[in-house]
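Trainee: Going by the working numbering, the first residue of the sequence shown is number 290, and it counts up by one from there.
For glycine and all other residues, C-beta sits at the position ideal for the given N, C-alpha and C.
Structure below; questions to follow.
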Amino acid sequence: MTHDPGSRGRFEGLSLRSWRPPRGPEAKRLAEDVVVRCGWGRLLFGHTFRSNARLAEELLRERPGARDIAIYLRDPHVVLSIAPQDLFLDPSHTYRLWFERYRPSDLPAKDVVVRRVTSRADAEAMNRLYRARGMAPVDVDFVVAKRTSKVLTHLVAEDARTGEIVGTVTGVDHVMAFDDPEKGSSLWCLAVDPQAELPGVGDALVRWLAEHYQAKGRAHMDLSVQHDNAQAIRLYEKLGFERVPVFCLKHKNAFNERLFMGPPPEADLNPYAKIIVEEARRRGIGVKIVDEETNLFALTFGGRTIRCRESLSELTSAVALGICDDKRLAWKLVSEAGIAVPAQRVVGSMEESLDFLEEHGRVVVKPARGEQGAGVSVDVRDSATLARAIERAKHHAERVLLEEYVEGDDLRVVVINQEIVAAAIRRPAQVIGTGEHSVLELIRKQSRRRAAATQGESRIPEDEETRRCVEEAGYALTDVLPRGRRLVVRKTANLHTGGTLHDVTDDLSATIAEAALRVARVIDIPVVGLDFITSDVRGADYAFIEANERPGLANHEPRPTAERFVDLLFPETSSREPAA
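Here is the structure:
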């Protein structure tokens with residue numbers, strides 16, 4: 290590409306300046322046609338191809354499971370016309386960072402360590418992040434083999450306090466790939482853990498890669514970003530990236546379907562309904578949106594129609610729904626079946642409530658009916674707080690429950706058709722001090738990140754319960770939190786109040802798994818989200834807390850929650866191998 294330095298990003302056009310044959314093991318030379326393998330697919334450098342037909346032919350050679358991208362096309366419209374049934378113009382923007390104008394930050398990200406991938410565990414962590422973001426996974430063996438590559442740079446971001454991998458990005462050096470005369474480079478596959486509380490992870494990854502290529506004498510770094518990814522675009526523009534007229538072509542495959550099929554008619558559904566509807570559409574099941582506001586839809590296949598409200602379907606009986614809705618009733622039935630539960634009583638007189646508090650020392654106050662943590666106060670320890678918590682709970686339900694407070698992690702187990710499909714530890718909302726921002730400012734920043742990561746479903750409420758939790762920890766909302774200090778600002782771990790989910794499906798002990806299946810049988814419910822408290826998901830200690838008849842299946846991606854739900858409704862459409 291030819292750039293006019295005096296025009297602030299204006300391009301004179303796309304050029305094919307002279308260049309030498311590609312070098313390096315990652316660059317495959319097809320005469321003058323440059324293809325670079327990246328682990329998730331291939332990059333086809335369109336401006337090096339001898340003809341448009343040759344470029345279209347190579348893009349059509351995409352292997353099953355790969356995600357190839359052709360970029361820097363001189364004539365994207367012509368290439369597209371050669372195979373319009375198989376190729377599509379990617380709805381993404383290309384941004385460029387000119388290194389002559391880039392300046393490193395004076396305030397590097399704190400507690401974020403960016404480094405190259407060094408092990409198989411790092412590569413597997415990359416895939417965990419990609420799956421959490423709905424992105425194409427990489428070939429782990431490929432990433433490990435190319436960890437010292439001069440063409441590819443695979444990076445991870447590590448939380449310096451915990452050692453957890455919380456971000457990743459990949460860079461491509463165009464000079465090492467094919468002696469690019471324009472001395473370019475590019476950034477691909479930026480992903481940050483949607484559960485990360487640590488700020489500045491994406492910023493740190495992009496800056497590390499930019500400064501790496503700047504130090505190598507490269508002139509610029511390009512990237513491609515979906516046109517509607519407002520959060521990423523804000524980050525790139527803040528760092529100085531500018532839009533450039535460069536386009537990408539991709540192959541039509543199942544993974545890319547949402548990019549070339551146009552917005553579905555059910556686009557206004559929330560994520561919990563949308564994940565089910567999209568899975569049904571992939572199987573050829575008819576979808577009718579009955580009411581967008583309540584996320585009610587009907588699925589039809591083979592002459593059968595089943596109505597659903599998110600993951601609640603007509604297969605769940607009214608009796609089972611009523612049991613889940615009444616936390617006292619659910620507790621009674623489950624405890625009688627021999628499942629471990631905390632002590633519980635219905636709030637009566639204040640004297641009786643104080644006796645319960647004195648007996649157990651720490652209690653949970655919650656409405657007998659309700660969801661999403663509304664009106665729940667956790668770890669109540671004194672009479673004044675108890676009185677306020679009871680009054681708050683009464684705003685949500687006439688009957689209020691007191692429950693023994695149990696130490697441990699909040700565990701959600703999703704059971705579908707007597708099969709454990711997903712399990713996740715739910716951690717309450719927390720913020721990390723910067724030494725510069727008040728607790729309230731940190732809460733608002735974390736809320737914005739959680740909302741962006743969950744399509745607006747998760748935010749930290751700025752209410753009395755949040756204030757109580759902050760003050761119990763010895764701070765006021767206006768206090769500046771010391772750098773590195775971790776502060777839990779809610780005691781409940783609900784996603785809707787800013788909580789985060791961390792998958793533990795593969796670690797779940799046989800004892801807890803069997804308890805979850807028994808609870809589902811006791812309630813006699815086909816789809817349920819069960820909440821437990823446990824000190825160790827691998828151990829035998831647990832306490833059942835409550836059952837949710839309409840669990841949020843989207844919260845557990847990439848676990849196949851939507852697939853198992855549709856299998857339950859229409860088993861004839863399942864692609865699973867039958868049990869032996």
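Determine whether the beta carbon atoms of alanine 372 and phenylalanine 544 lie at a separation below 8 Å.
Mentor: no
Trainee: Tell whether a beta-carbon distance below 8 Å holds between isoleucine 275 and leucine 378.
Mentor: The question about residue 275 has no answer here: the residues shown for the chain are numbered 290 through 869.
Trainee: Where do the ends of the alpha helix (DSSP H) carrying proline 560 lie?
Mentor: 560-571
Trainee: On the premise that glycine 456 lies in contact with leucine 498, defined as a C-beta separation below 8 Å, what is that separation, rounded to the nearest angstrom?
Mentor: Not a contact, Cβ separation roughly 12 Å.
Trainee: Hey, could you find the ends of the beta strand (DSSP E) lysine 873 is sitting in?
Mentor: Examination of residue 873 is not possible in this model, given that the chain is present from 290 through 869 alone.
Trainee: Determine the closest residue to aspartate 462 out of Ile628, Gly506, Tyr764, Leu842, with distance taken between C-alpha atoms.
Mentor: Gly506
Trainee: Evaluate the contact criterion for the region 761-772 versus the region 683-691: three or more CB pairs, one atom per stretch, below 8 Å.
Mentor: no
Trainee: Is the beta carbon of threonine 823 less than 8 Å from the beta carbon of glycine 697?
Mentor: yes
Trainee: Might you give, ordered along the chain, the residues of its own chain that have their beta carbon closer than 6 Å to the beta carbon of aspartate 792, omitting 5 neighbours on each side?
Mentor: Ala713
Trainee: For glycine 722, which residues from the same chain have a beta carbon less than 8 Å from its beta carbon, with the 5 sequence-adjacent residues on both sides left out?
Mentor: Residues of the same chain with a CB within less than 8 Å of the CB of glycine 722, apart from the 5 flanking positions on each side, are Leu731, Val769, Leu770, Pro771, Arg772, Gly773, Arg774, Arg775, Leu776 in chain order.
Trainee: Across which residues does DSSP place arginine 596 in a beta bridge pair?
Mentor: Under DSSP, arginine 596 forms a beta bridge with Ala587.
Trainee: State the DSSP-derived secondary structure class of valine 710, mapped to helix, strand or coil.
Mentor: strand
Trainee: Would the beta-carbon of aspartate 795 fall within 8 Å of that of aspartate 699?
Mentor: no
Trainee: Let's test the definition: count the other Cβ atoms within 10 Å of the Cβ of leucine 349 and tell me whether it reaches 16, buried, or not, exposed.
Mentor: exposed
Trainee: Near leucine 512, which residues of its chain fall below 6 Å by C-beta distance, leaving aside the five closest residues on each side in sequence?
Mentor: Tyr384, Leu476
Trainee: Going by the CB atoms, is the gap between leucine 784 and threonine 850 shorter than 8 Å?
Mentor: No, the Cβ-Cβ distance between threonine 850 and leucine 784 is not below 8 Å.
Trainee: Helix, strand or coil for tyrosine 384? Go by DSSP, reduced to three states.
Mentor: strand
Trainee: How long is the line joining the alpha carbons of arginine 306 and phenylalanine 338, rounded to whole angstroms?
Mentor: In this predicted model, arginine 306 has a pLDDT of only 41, less than 50, meaning its place in the structure is not dependable; the value taken from the coordinates is given anyway. For arginine 306 and phenylalanine 338, the distance between alpha carbons rounds to 12 Å.
Trainee: Taking the alpha-carbon positions, what's the leucine 857 to lysine 655 distance?
Mentor: It is roughly 32 Å from the alpha-carbon of leucine 857 to the alpha-carbon of lysine 655.
Trainee: Please identify the residue among Phe431, Asp644, Arg839, Gln707 whose C-alpha is closest to the C-alpha of serine 408.
Mentor: The residue with the shortest Cα to Cα distance from serine 408 is Phe431.
Trainee: I'd like to confirm the pairing. Which residues does DSSP put opposite histidine 443 in its beta bridges?
Mentor: Thr459
Trainee: Write down the C-beta distance between isoleucine 705 and leucine 797 rounded to the nearest angstrom, noting that I regard them as a contact closer than 8 Å.
Mentor: 15 Å between Cβ atoms; not a contact.
Trainee: List, from N- to C-terminal side, the beta strand (DSSP E) runs of 3 residues or more that fit wholly inside the region 454-504.
Mentor: Look at the region 454-504 and you find these whole runs of beta strand (DSSP E), each 3 residues long or longer: 454-462, 474-481.
Trainee: Can you tell me whether DSSP reads proline 860 as helix, strand or coil?
Mentor: helix
Trainee: State buried or exposed for alanine 829, treating a residue as buried only when at least 16 other CB atoms are found within 10 Å of its CB.
Mentor: exposed
Trainee: For a quick check, are the C-beta atoms of glutamate 351 and histidine 516 less than 8 Å apart?
Mentor: no
Trainee: Note down, in chain order, each residue of its chain lying with its Cβ closer than 7 Å to the Cβ of valine 403, except the 5 sequence neighbours on either side.
Mentor: Leu444, Ala446, Ala493, Leu494, Trp497
Trainee: Terminal residues of the continuous beta strand (DSSP E) containing lysine 655?
Mentor: From DSSP, the beta strand (DSSP E) with lysine 655 extends over 652-656.
Trainee: Could you please give the first and the last residue of the uninterrupted beta strand (DSSP E) stretch that includes histidine 791?
Mentor: Its beta strand (DSSP E) spans residues 789-792.
Trainee: For the beta strand (DSSP E) that glutamine 515 lies in, which residues bound it at each end?
Mentor: First-last of the beta strand (DSSP E) with glutamine 515: 509-515.
Trainee: Measuring alpha carbon to alpha carbon, tell me which of Gly745, Leu362, Arg779 ends up nearest proline 534.
Mentor: Nearest option by C-alpha distance: Leu362.
Trainee: Can leucine 596 and leucine 585 be called in contact, C-beta distance under 8 Å?
Mentor: The sequence shown places arginine at residue 596, rather than the leucine named in the question. In contact: arginine 596 and leucine 585 (Cβ atoms closer than 8 Å).
Trainee: Taking 6 Å as the limit between beta carbons, can you name the residues of its chain near aspartate 448, skipping five residues before and five after?
Mentor: Result list for aspartate 448: Val455, Leu487, in chain order.
Trainee: Secondary structure at alanine 609, three-state DSSP: helix, strand or coil?
Mentor: Looking at alanine 609 - three-state DSSP - the assignment turns out to be helix.
Trainee: Take alanine 843 and list the residues in its own chain whose beta-carbon comes closer than 6 Å to its own, dropping the five residues that flank it on each side.
Mentor: Pro560, Tyr561, Ile564
Trainee: In three-state DSSP terms, what is arginine 547?
Mentor: helix
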